[in-house]
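For reference, each letter of the sequence shown is one residue, going 1 to 367 in UniProt numbering. Using N, Cα and C, we set each Cβ at its ideal position, and we do this for glycine too. Just below is one structure, and these are the notes that go with it.
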Amino acid sequence: MTIEPEELVPQLPNPRDLQPYPTVMSLVYEGHTDIVRSISIEPKGQYIVSGSDDLTIKVWEVSTARCVRTIPAGGVVRCVSWCPNQALCLIAVAADRKVLLINPGVGDQLTVSKTDTLLKEAPPQDFTVKAAVQWEEEISEDLWDSGIRIIINHFKEVRQVTWHGRGDYFSTVMPEGLNRSVLIHQLSKRRSQIPFNKSKGLVQCVLFHPIRPIFFVATQRNVRVYDLVKQELIKKLLSNAKWISSMAIHHGGDNILVGTYDRKMLWFDLDLSTKPYQTLLLHGTAVRAVAYHKRYPLFASGSDDRSVIVCHGMVYNDLLQNPLIVPLKRLNYHKPMNDFGVLDLLFHPTQPWVFSSGGDCTIRLYT
1 MTIEPEELVP
11 QLPNPRDLQP
21 YPTVMSLVYE
31 GHTDIVRSIS
41 IEPKGQYIVS
51 GSDDLTIKVW
61 EVSTARCVRT
71 IPAGGVVRCV
81 SWCPNQALCL
91 IAVAADRKVL
101 LINPGVGDQL
111 TVSKTDTLLK
121 EAPPQDFTVK
131 AAVQWEEEIS
141 EDLWDSGIRI
151 IINHFKEVRQ
161 VTWHGRGDYF
171 STVMPEGLNR
181 SVLIHQLSKR
191 RSQIPFNKSK
201 GLVQCVLFHP
211 IRPIFFVATQ
221 RNVRVYDLVK
231 QELIKKLLSN
241 AKWISSMAIH
251 HGGDNILVGT
261 YDRKMLWFDL
271 DLSTKPYQTL
281 LLHGTAVRAV
291 AYHKRYPLFA
301 SGSDDRSVIV
311 CHGMVYNDLL
321 QNPLIVPLKR
331 LNYHKPMNDF
341 GVLDLLFHPT
351 QPWVFSSGGD
361 CTIRLYT
């Protein structure tokens with residue numbers, strides 16, 4: 001029996017049959033004077049916010065690349081995250097040891113004024129974790145005019161802030177905080193909780209499950225999956241990587257994507273195994289950001305090699321059928337500057353477009 005080498009290679013569909021997906025760079029958002037570490041998009045996809053080492057955040061109009069607002073953050077901005085609740089106009093910003101809750105004042109003016117009214121109604125404070133965080137609501141006039149509504153002071157540098165899908169709870173990560181590295185805050189009650197008493201290693205990033213009360217915590221080498229209601233560990237995903245950089249979850253909630261500093265992108269099927277369903281080695285250097293699209297079967301990764309790679313990732317409703325993964329397009333437009341390539345990326349909520357931010361002080365849109 002003779003087997004041809006071609007027969008051993010899985011037959012992947014032609015990328016042309018998998019359109020639409022981003023193929024060209026359309027817009028460049030210029031204005032920052034230092035590396036742009038983080039970007040986040042407004043739930044309707046009309047505005048995008050960016051945070052930079054130039055100590056500012058900027059709000060841009062997506063369709064025109066016009067900078068609408070520049071807000072000083074008072075420190076190096078590590079992470080920005082737009083509140084997913086469409087009834088609010090709110091951005092959480094991690095800058096040094098503070099998390100700023102900012103109303104950028106863009107979009108529907110009714111939503112903007114409603115957000116301010118909601119944030120002025122302060123409930124009685126809960127002092128359970130006063131040693132770790134302090135909510136500061138007495139904002140000076142200058143800060144209020146710039147858009148800052150609440151400041152949450154942490155005891156170590158905050159690297160990440162991420163919202164729960166409903167937009168009331170959000171989590172912050174302080175990698176140097178030991179057993180207090182991860183905090184979960186509730187906006188409506190202005191309170192903070194420490195979900196874990198013991199330190200399980202250096203926490204890199206965290207994620208809320210889009211549907212169920214499940215919480216993902218990525219340490220250097222593994223991803224721990226917790227049940228927030230029962231407050232117990234469900235499973236531990238083994239990455240077999242040296243250092244995890246980033247994490248994203250599919251909108252269905254059963255697949256997660258993990259980027260690593262040793263060039264890998266790992267796709268985990270949570271129903272299948274605690275080991276990666278597929279390991280993709282598409283980049284030449286560290287993978288810094290990964291993202292899924294909310295509507296289209298697309299995912300992407302950004303790396304220090306300055307490229308964004310867009311892939312097709314079809315998740316089937318039939319549980320017996322494994323996800324189909326096809327690399328589609330390499331987008332290499334960021335300029336070489338200070339050894340950084342792509343630092344963050346995200347998809348547009350409704351269009352098959354992807355944004356990336358980089359070490360060349362720009363944000364780029366690919367359509």
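- Query: The beta strand (DSSP E) spanning Glu30 covers which residue range?
  - Reply: 25-30
- What are the boundary residues of the beta strand (DSSP E) that residue 368 is part of? Nothing can be reported for residue 368: it is not among the residues displayed for the chain, which extend from 1 to 367.
- Are Trp163 and Ile152 closer than 9 Å when you measure CB to CB? no
- When the Cα atoms are used, what is the spatial distance from Leu257 to Lys120? 38 Å
- Supposed close pair Phe170, Ala92 - CB separation, criterion 8 Å: 6 Å
- Give the DSSP bridge partners of residue 383, in chain order. Coverage of the chain is limited to positions 1 through 367, which leaves residue 383 absent and any answer about it impossible.
- Message: Buried or exposed, going by whether 16 or more other CB atoms sit within 10 Å of the CB of Pro20?
- Response: exposed
- Message: At 4 residues or longer, what runs of the alpha helix (DSSP H) sit wholly inside the stretch 299-349?
- Response: none
- Query: Can you list, in chain order, the residues of its chain whose CB lies under 6 Å from that of Ala241, leaving out five sequence neighbours each side?
  - Reply: Thr260, Asp262, Lys264
- Message: With distance defined between alpha-carbon atoms, name the residue in Ser188, Tyr292, Asp145, Ser303 nearest to Leu346.
- Response: Tyr292
- Okay, do the stretch 199-218 and the stretch 172-191 touch, 3+ Cβ pairs below 8 Å being the bar? yes
- Could you tell me which of Tyr47, Leu55, Trp82, Pro84 sits nearest to Cys67, measuring between CA atoms? Tyr47
- Query: Got a sec, what are the start and stop residues for the beta strand (DSSP E) Asp227 sits in?
  - Reply: 222-227
- Message: Whether or not the stretch 310-328 and the stretch 213-226 are in contact is what I'm after, with contact meaning three or more pairs of Cβ atoms, one per stretch, closer than 8 Å; do they touch?
- Response: no
- Query: When the Cα of Ile211 is compared with those of Lys198, Ser301, Gly165, which residue comes out closest?
  - Reply: Gly165
- Query: Cβ of Glu42 within 9 Å of Cβ of Val106?
  - Reply: yes
- Item | Bounding residues of the alpha helix (DSSP H) (the contiguous stretch that carries Ser188) | Taken as a continuous stretch (DSSP letters only), Ser188 belongs to no alpha helix (DSSP H), as it is neither H nor E.
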